[in-house]
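Scroll down for the structure; my scribbles are underneath it.
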């Protein structure tokens with residue numbers, strides 16, 4: 003653990019905001035201690051600037067999760083390399099304490115190796131959710147408690163709304179920035195302690211606040227990649243961890259059983275994929291409709307075979323009560339919520355089934371299904387399997 007920070011006056015240009023509302027605290031906020039999760043990006047840096055400008059004792063905490071400069075030859079990433087230096091520089095500018103905790107080994111085991119194993123098993127993983135479930139929230143939560151904080155604030159674009167049963171997790175006001183899909187596994191105990199000051203702000207306003215505070219990363223581009231896969235070549239990372247990942251196999255028509263070709267490893271394919279199959283002479287476009295990892299077979303078929311009527315989800319989490327009213331679900335981060343029914347209990351890790359009102363496409367094992375009641379996140383789980391709509 004290393005500490006950094008020279009005491010300076012917080013930027014007065016952003017001191018006119020309602021900090022009690024932003025951080026959902028009883029005034030005076032200046033009597034509080036706020037720990038801010040700082041990744042080195044503009045969003046978490048603005049949260050730190052807001053906390054410092056409130057007069058609260060502010061402590062920045064950064065988790066060093068992945069030295070991907072050594073792994074990929076590129077510099078800069080979430081929670082590594084240049085981003086840690088940016089977080090330190092912001093903390094210095096704001097005059098707040100800053101600590102860096104090395105969680106690289108835990109991150110590798112809990113997130114990176116799990117990512118590789120999921121691809122090896124024919125699933126389509128979402129490591130960002132795994133990271134939020136582990137290092138980002140569980141570990142930071144414990145650290146913030148140990149530091150005597152009144153809350154842990156992050157730069158996520160979601161809203162924490164006080165409802166009749168306690169804090170609720172809602173979508174961000176800016177739908178283009180909403181990150182609620184990635185935070186469905188937040189526990190009620192965590193949500194009670196967490197704060198998301200940016201959930202009601204559009205991104206241009208966040209950058210304006212960064213400029214007003216004189217932050218060096220005000221114009222820093224948003225991260226578009228998985229932090230440990232900066233160039234998008236996830237297969238390279240999987241091969242580095244699991245050298246056997248390139249074992250070839252057959253491409254098989256799911257309806258006829260005909261062998262249409264060979265592939266160079268199941269890790270190169272995901273359910274719903276059309277490009278890269280390298281099989282010609284077909285009467286209609288073919289898509290990946292399933293992956294049988296044990297036999298190394300990639301199953302393909304027409305788009306109609308991608309339609310799913312239900313999905314089994316496991317390791318479920320629930321945030322607040324499940325309402326009797328209509329529910330929707332997202333089965334991919336960029337998918338639109340669609341009407342669903344939930345069969346069985348949700349939460350406490352239980353497995354359950356969600357049923358779609360209409361056939362849903364691109365539902366891939368390994369992805370998350372996140373359930374909403376209007377704007378509120380009810381919970382969700384990992385997609386473990388699907389039921390084909392054409393088989394019912």
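In the working numbering, the protein residues as written are 3 to 394. Note that the Cβ used here is the ideal one computed from N, Cα and C, for glycine as well. Being a predicted model, the structure only gives us computed values, none of them experimental.
When C-alpha distances from residue 57 are compared across 42, 96, 66, 67, the shortest belongs to 96. When 36, 348, 322 are compared, the shortest CA-CA separation from residue 191 is found for 322.
For the pair residue 172 and residue 23, the CB atoms are not nearer than the 8 angstroms cut-off. When C-alpha distances from residue 329 are compared across 207, 243, 344, the shortest belongs to 344. Under the DSSP assignment, residue 306 falls outside any beta strand (DSSP E); it carries neither an H nor an E label.
The Cβ atoms of residue 137 and residue 109 sit closer than 8 angstroms to each other.
Per the C-alpha coordinates, the member of 288, 47, 99, 245 positioned closest to residue 211 is 47.
Each of 383, 319, 25 was checked against the Cα of residue 161, and the nearest Cα belongs to 25. For the pair residue 356 and residue 379, the CB atoms are not nearer than the 8 angstroms cut-off. Boundaries of the alpha helix (DSSP H) harbouring residue 236: 236 to 243, taken from the DSSP string. Taking one beta carbon from each stretch, the stretch 136 to 156 and the stretch 179 to 196 have 3 or more pairs nearer than 8 angstroms; the two touch.
Under the three-state reduction of DSSP output, residue 154 falls in the strand class.
Residue environment: residue 151 is assigned as buried (16 or more neighbouring CB atoms within 10 Å of its CB, all protein chains considered). Taken in chain order, the whole alpha helix (DSSP H) runs of length 4 or more contained in the stretch 167 to 205 are 190 to 195. Distances from the alpha-carbon of residue 241 to those of 85, 54, 267 put 267 closest. Counting only runs of at least 3 residues, the stretch 247 to 310 fully encloses the following beta strand (DSSP E) elements, listed from N- to C-terminal order: 251 to 255, 261 to 265, 289 to 294, 299 to 303. Residue 50 is not a Cβ neighbour of residue 42, given a cutoff of 8 angstroms. Between residue 98 and residue 60, the C-beta spacing is below 8 angstroms. Rounded to whole angstroms, the Cβ separation of residue 230 and residue 243 is 10 angstroms, and the two are not in contact under 8 angstroms. For residue 103, there is no enclosing alpha helix (DSSP H); the enclosing beta strand (DSSP E) covers residues 99 to 104.
Excluding sequence positions up to five before and after residue 307, its CB lies within less than 8 angstroms of the CB of 256, 257, 289, 291, 390, 392, all in the same chain and listed in chain order.
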